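Letter 302 of the sequence shown, counting from 1, is numbered 302 in the working numbering, and no numbers are missing.
Yeah, the Cβ is synthetic: ideal placement off N, Cα and C, and Gly gets one too.
Because the structure is a prediction, the values reported are computed rather than measured.
As structure tokens, the structure follows; a few thoughts come after it.
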Amino acid sequence: MEQHTRMLEAEPVYRANRLTIERFSLERARVALRAAAPRTITIPVVVHVLHSTAAENISEEQVRSQIAVLNQDFQRKNPDRSQTPAPFRGAIGNPKVRFQLAVRDPNGSPTNGITRTPTTKPQFDSGANDIKFTAQGGRDAWPRDRYLNLWVGGTVVDPVVGALLGYAQFPGGPAATDGVVIAATGFGTLGTAQAPFNKGRTATHEIGHWLNLLHIWGDDNGGCQGSDNVADTPNQAGPNSGCPSFPHRTCQNGPHGDMFMNYMDYTDDACMFMFTKGQVARMRTTLQGPRATILASDALAPAARVARLALPTRAPKASLATLVGAEAGSQVTTVFDGAGWVQVGAR
Ligand code: ARG
Ligand code: ZN
Ligand code: CA
């Protein structure tokens, strides 16, 4: 959020984009809310692992554990949603979004969707966005119109608020810094992930931002004026942490109080397990608007493999021809027919 605020202040283009997107979102989300059940959308993901120690070079298994969590949370398949208090159960939404590691890299070559980059930096700065630039000890983004970039680094700090579990860029920002950053201590469910942030919910929260969700309390730090521009999340004073007990009331939002089990609050991983229908409408709207290009991505189509290129056993003459010009430069004199050089013209 701090990074977002700094960008709003420093970059008029970003501020204008945010306004346009917010208007679009308010209009369209209302329609999306009433529309028929949408199809599942699959988002290609690249995970950039930055490592200054062996431990930070997290395993592919840990990466896959994170993708698995996302595929539960964004398809209303997370078993812990059954803990949602009865009065909020009817509000639970299903984003119908799948995540899959890319199989084709930006050059069209095969990939497992994970890049690994050694670095001298054990700590990255959300203000500088250094993790997103190879020249600054990070790793350059893959094209944001085709990939969701997820960067994982040892420690992530904000110049103002200090240590972060992660941060995201909203739609409407610069391409080079688009995506989500997560500290290794809050990524996936095993390896370097540490309780109480070892259930993969930091990525769920940050990708919520990447799909244009705001914090559930409206970022007014305790006031009751701010809003997340979502109607079915109760007005709430500020962020909750840990694992509150239900109901927890602020801003006269009784009888049910804060929806602190929403992914867009700051509670522990084990205590957040829902998006609302209104939040889902906003995310789906984002995928029809500012992030629509990702739907046409080729990143999940298997890359052509050289080994599978069909080569004829005996090349037909001149089809594989490599032409060699005469010394004079004008006339073709010899041609490679697949086996040897053949004279084709007068010398
Ligand atoms: N940007 C937030 C932070 O760094 C992420 C909070 C995620 N919460 C969680 N339970 N994983 O504090
Ligand atoms: Zn947040
Ligand atoms: Ca609300």
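For ligand 1, enumerate in chain order all residues having a CB closer than 7 Å to any of its heavy atoms.
Listed along the chain, these residues meet the criterion: Leu164, Leu165, Gly166, Tyr167, Gly186, Phe197, Arg201, Thr202, His205, Glu206, Tyr266, Thr267, Asp268, Asp269 and Met272.
For Asp158, which residues in the same chain have their Cβ closer than 6 Å to its Cβ, ignoring the five residues on either side in sequence?
Locating residue 158 in the sequence shown gives position 158, counting from the first residue. For Asp158, where only same-chain residues beyond five positions count, the Cβ hits under 6 Å are Glu2, Ser126 and Leu164.
Indicate whether Ile207 and Thr233 have their beta-carbon atoms separated by less than 7 Å.
Start at 1 with the first residue of the sequence shown, and residue 207 comes out as number 207. Start at 1 with the first residue of the sequence shown, and residue 233 comes out as number 233. Judged by their CB atoms, Ile207 and Thr233 are not nearer to each other than the 7 Å cut-off.
Alpha carbon to alpha carbon, what distance is there between Phe197 and Asp269?
Counted from its first residue, the sequence shown places residue 269 at position 269. Counted from its first residue, the sequence shown places residue 197 at position 197. Roughly 5 Å between the two C-alpha positions.
What number of angstroms, rounded off, separates the C-alpha of Glu61 from the C-alpha of Pro255?
Working through the sequence shown from its first residue, we reach residue 61 at position 61. Working through the sequence shown from its first residue, we reach residue 255 at position 255. If you take the alpha carbons of Glu61 and Pro255, they lie about 43 Å apart.
Return yes when the Cβ of Gly93 is within less than 7 Å of the Cβ of Phe275, no when it is not.
For this step, residue 275 is matched to residue 275 along the sequence shown. For this step, residue 93 is matched to residue 93 along the sequence shown. With respect to the 7 Å criterion, Phe275 and Gly93 are classified as neighbours on the basis of their beta carbons.
Take the Cβ of Arg116 as the centre, count every other Cβ of all protein chains shown within 10 Å, and call the residue buried at 16 or more, exposed below.
To locate residue 116, count along the sequence shown from 1; it is residue 116. That one is exposed.
Just list the residues that DSSP pairs Gln416 with in beta bridges.
Only positions 1 to 347 of the chain appear in the structure, and residue 416 is not among them; the question remains open.
Taking the alpha-carbon of Arg98 as reference, which of Gln72, Glu22, Asn129 and Ala184 has the nearest alpha-carbon?
The count along the sequence shown starts at 1 and reaches residue 98 at position 98. Checking every option, the nearest Cα to that of Arg98 belongs to Gln72.
Give me the residue from Ala281, Leu300 and Met259 with the minimum Cα distance to Phe24.
Walking along the sequence shown from the start, residue 24 turns up at place 24. For Phe24, the nearest C-alpha among the options comes from Ala281.
Val103, DSSP secondary structure in three states
Along the sequence shown, read from residue 1 onward, the residue named residue 103 stands at position 103. Val103 falls in the coil class under three-state DSSP.
Local Cβ density within 10 Å of Gln225, reported as buried at 16 or more and exposed below that:
The residue given as residue 225 occupies position 225 in the sequence shown. Within 10 angstroms of the beta-carbon of Gln225 lie fewer than 16 other beta-carbons, which makes it exposed.
My understanding is that Glu298 touches Arg146, with C-beta atoms under 8 Å, so please give their C-beta distance in whole angstroms.
Here residue 298 refers to the residue found at position 298 of the sequence shown. Here residue 146 refers to the residue found at position 146 of the sequence shown. The question names Glu, but residue 298 in the sequence shown is Asp. Between Arg146 and Asp298 the Cβ distance is about 7 Å, and since that is below 8 Å, they are a contact.
So Thr42 and Leu300 are in contact, right, with Cβ under 8 Å, and what is the actual spacing, rounded?
The residue labelled residue 42 in the question sits at position 42 within the sequence shown. The residue labelled residue 300 in the question sits at position 300 within the sequence shown. Yes, they are in contact, since the Cβ atoms of Thr42 and Leu300 sit about 7 Å apart, within 8 Å.
Could you give the distance in angstroms between the alpha-carbon of Phe88 and the alpha-carbon of Trp151?
Counted from its first residue, the sequence shown places residue 88 at position 88. Counted from its first residue, the sequence shown places residue 151 at position 151. Whole-angstrom Cα-Cα distance: 33 Å.
According to DSSP, is Ala86 helix, strand or coil?
Working through the sequence shown from its first residue, we reach residue 86 at position 86. Of the three classes helix, strand and coil, the one that applies to Ala86 here is helix, per DSSP.
Among residues of its own chain, excluding the 5 on either side of Phe124, which ones have a beta-carbon nearer than 6 Å to its beta-carbon?
One-based indexing of the sequence shown puts residue 124 at position 124. Excluding sequence neighbours, Phe124 sits near Asp130, Ile131, Gly153 and Val156.
Please identify the residue among Arg28, Asn57 and Ala16 whose C-alpha is closest to the C-alpha of Gln288.
Within the sequence shown, numbered from 1, the residue matching residue 288 stands at position 288. For Gln288, the nearest C-alpha among the options comes from Arg28.
What I want to know is whether the C-beta of Thr250 ends up closer than 6 Å to one or more non-hydrogen atoms of ligand 3.
Stepping through the sequence shown from its first residue, residue 250 is reached at position 250. No, the beta carbon of Thr250 sits no closer than 6 Å to any heavy atom of ligand 3.
Is Thr351 near ligand 3, with its Cβ less than 6 Å from a heavy atom?
Because the chain spans 1 through 347 in this model, residue 351 falls outside it and cannot be assessed.
For Asn57, the nearest candidate out of Pro171, Leu148 and Gly191 (CA to CA):
Walking along the sequence shown from the start, residue 57 turns up at place 57. The shortest C-alpha to C-alpha distance from Asn57 to any of Pro171, Leu148 and Gly191 is the one to Gly191.
Assuming contact is defined by CB atoms lying nearer than 7 Å, are Gly222 and Gly238 in contact in what I supplied?
Mapped onto the sequence shown, residue 222 falls at position 222. Mapped onto the sequence shown, residue 238 falls at position 238. Yes, the pair counts as a contact, with Cβ atoms nearer than the cut-off.
Range covered by the beta strand (DSSP E) that runs through Asn17
Within the sequence shown, residue 17 is the residue found at index 17, counting from 1. Careful: Asn17 lies outside any beta strand (DSSP E), inside the alpha helix (DSSP H) at Pro12 to Arg34.
Ile182 vs Ala203 beta-carbon contact at 7 Å:
Stepping through the sequence shown from its first residue, residue 182 is reached at position 182. Stepping through the sequence shown from its first residue, residue 203 is reached at position 203. Yes, the pair counts as a contact, with Cβ atoms nearer than the cut-off.
How would you label Gln66, buried or exposed, when you count the other beta carbons within 10 angstroms and need 16 or more for buried?
Start at 1 with the first residue of the sequence shown, and residue 66 comes out as number 66. Taking every protein chain shown into account, the CB of Gln66 has 16 or more other CB atoms within 10 angstroms, so this residue is buried.
Could you please give the first and the last residue of the uninterrupted beta strand (DSSP E) stretch that includes Leu211?
For the purposes of this step, residue 211 is identified with residue 211 of the sequence shown, where counting begins at 1. Here Leu211 belongs to no beta strand (DSSP E), and DSSP marks it neither H nor E.
Cβ-heavy atom distance, Thr233 to ligand 3, below 6 Å
Mapped onto the sequence shown, residue 233 falls at position 233. Yes, the Cβ of Thr233 comes within 6 Å of a heavy atom of ligand 3.
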